[in-house]
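First up is the structure itself, then whatever we jot down about it.
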Amino acid sequence: MTLANLTWLDICLAGVGAYLMSQTCLMSSPGSPLLSGARTMPWLTFAEWGKKYGKCLALCRYYAFRRLVGDISHIEVLGQHIIVLKSINTTMQMLDKKSSMYSDRPVFPMAGELVGWKGVLTLLPYGDHLRWHRKNFHRIVGSPTAMKVYHQIEAIETHRFLKRVLAEPGELMEHIRQYGYS
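When the letters of the sequence shown are read in order and numbered with mature numbering (1 follows the signal peptide of the UniProt record, and there is no 0), they come out as residues -18 to -1, 1 to 164.
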């Protein structure tokens, strides 16, 4: 291929790319493909999309999307799929009555599986196991009356920390680490 042919091919590909980027589907958010709608996350924008695209039901060319455009929309933000529910009835039905089917926490392979923190409270998937742990955590730490038990321990450890800092001020970072562990 000559340089002129390559330049012509580049111009054509850039034109096709620009055309495809300007075409918006009813189900996606406007924006660059790199950010995938990261700038358009406020709930007011979702409500505006519901009003704007919910009325375009008859104009949608694809039958598979016709069922989805009404009360339920999909947006992808930084690779994370988000389902937007626009009516209170659909929201109540999906999140109250069928929450165990539709709700879950994201999986973090590095933190959960590779590091071995899969059983940590903040990384547990929804279910009975998480409910049991949350109930026990709230019973032990979740109220001011439960925390009163720890006030005396906190005061003792704070005094120990201050004594160590006075005795060896050059080892401040080590004292802070030890205080954090206690």
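The C-beta atom is built at its ideal place from N, Cα and C for all residues, glycine as well.
**OP:** Starting from the N-terminal side, write out each stretch of the alpha helix (DSSP H) that is 4 residues or longer and does not extend beyond the region 95 to 146.
**Re:** Counting whole runs of 4 or more residues, the region 95 to 146 contains the alpha helix (DSSP H) stretches 110 to 123.
Original post:
What is the DSSP secondary structure of Glu150, counted as helix, strand or coil?
Top reply: Indexing the sequence shown from 1 puts residue 150 at position 168. Coil at Glu150, not helix or strand.
**OP:** For Leu77, name the three-state secondary structure that DSSP assigns.
**Re:** For the purposes of this step, residue 77 is taken as residue 95 along the sequence shown, with counting starting at 1. When DSSP states are grouped into helix, strand and coil, Leu77 belongs to the helix group.
Original post:
Does DSSP put Leu67 in a helix, a strand or coil?
Top reply: Residue numbering aside, residue 67 sits at position 85 when the sequence shown is read from its first letter. If DSSP states are grouped into helix, strand and coil, Leu67 belongs with the strands.
Subject >> Status (buried if at least 16 other CB within 10 Å, exposed otherwise) for Ser125 >> reply: As a working mapping, residue 125 is identified with position 143 in the sequence shown. Classified as exposed, Ser125 has fewer than 16 neighbouring CB atoms from the shown chains inside 10 Å of its CB.
Original post:
How big is the Cα-Cα spacing for Pro91 and Gln134?
Top reply: Working through the sequence shown from its first residue, we reach residue 91 at position 109. Working through the sequence shown from its first residue, we reach residue 134 at position 152. The straight-line gap separating the alpha-carbon atoms of Pro91 and Gln134 is approximately 39 angstroms.
**OP:** Mind reading off the beta-carbon distance from Thr72 to Ile54? Whole number of angstroms is fine, and I expect it under 8 angstroms.
**Re:** On the sequence shown, position 90 is the one that residue 72 refers to. On the sequence shown, position 72 is the one that residue 54 refers to. The Cβ separation is near 7 angstroms, so the contact holds.
**OP:** Output yes or no for whether 7 angstroms exceeds the beta carbon distance between Pro107 and Asp86.
**Re:** In the sequence shown, counting from the first residue as 1, residue 107 sits at position 125. In the sequence shown, counting from the first residue as 1, residue 86 sits at position 104. Cβ atoms of Pro107 and Asp86: closer than 7 angstroms.
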